[in-house]
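Have a look at the structure below before the remarks.
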Amino acid sequence: MTLPTIPEARSLAQDLLEDALPRRWSHVQAVGTKAERISGFLGSADGQVLSVAAWLHDVGYSPNLVSTGFHSLDGARWLRTQGIDARVVALVAHHSCAWLEAIERNLDADLHEEFPREESAVTDALCYCDMTTGPDGQDFDAAYRLTEIRSRYGPNHLVTRFITKAEPEILAAVRRTEDRLPALHPR
Ligand SMILES: [Fe+2]
């Protein structure tokens, strides 16, 4: 298993998303770029893991590799087949509270059996990058982003149920990251 370089991760995501899902690709470019920009506080090794995971976090939306329809799990499974570093794969599997979405989809046993869930500053930072970035790559306040997701999917969708359950944990992860980034968020 290998840890891709950041340019390798970027080009892998580009191949999978740019033509098939241009809007998703806009989001991913902004999330990856944000991760690269903030990753310094983690040190170089964890910083690279964060940046690579950020570029790869949404590859599971690619029509080339959809299997269950649960993008975190589909993406992680595909990345594992490509020999990608296990820690990156597990971060993708669980990104932005995916373990709570897995419950809604009855896939939580599969997710936990196959991929360990890391709880760390890297996990929080990945959630921060994803949840402060809108669907077109805009910078969003996390609370607004959650509202936007709910309105995009509608009141009865399982993603809306998931986001409502995950909101406290998502906002806490964003807040913890902001606390670790004093230069970006002076108090
Ligand atoms: Fe995302």
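In terms of our numbering, the sequence shown opens at residue 135 and continues consecutively.
The C-beta atom is built at its ideal place from N, Cα and C for all residues, glycine as well.
Going straight from the alpha carbon of R321 to that of R309, what length do you get?
With a pLDDT of only 49 at R321, under 50, the local geometry of the prediction cannot be trusted, and the value read off the model is given with reservation. Cα-Cα distance, rounded: 12 angstroms.
Could you work out which residue in L137, T202, T266 is closest to V351 when comparing CA atoms only?
There is simply no residue 351 to check, as the chain begins at 135 and stops at 321 in what is shown.
Starting from G181, trace the alpha helix (DSSP H) in both directions and tell me its first and last residue.
Counting along the chain, the alpha helix (DSSP H) containing G181 begins and ends at 178-190.
For S201, which residues of its own chain have a beta-carbon under 6 angstroms away from its beta-carbon, when the five flanking residues on both sides are left out?
So the list reads D208, once near-sequence residues are dropped.
Please list the terminal residues of the continuous alpha helix (DSSP H) segment that includes H205.
Per DSSP, H205 belongs to the alpha helix (DSSP H) from 205-215.
Please work out which residues of its chain come closer than 6 angstroms, Cβ to Cβ, to P250, disregarding the five sequence neighbours upstream and downstream, and give them in chain order.
Excluding positions up to five away in sequence, the list reads A224.
I'd like to know whether the C-beta atoms of R279 and T266 end up nearer to each other than 8 angstroms.
Yes, the pair counts as a contact, with Cβ atoms nearer than the cut-off.
DSSP state of T294, grouped into three classes?
T294: helix per DSSP, three-state reduction.
Could you tell me how far apart the beta carbons of L292 and R239 are, in whole angstroms, since I believe they sit closer than 8 angstroms?
At roughly 7 angstroms, the Cβ-Cβ gap stays under 8 angstroms, so L292 and R239 are in contact.
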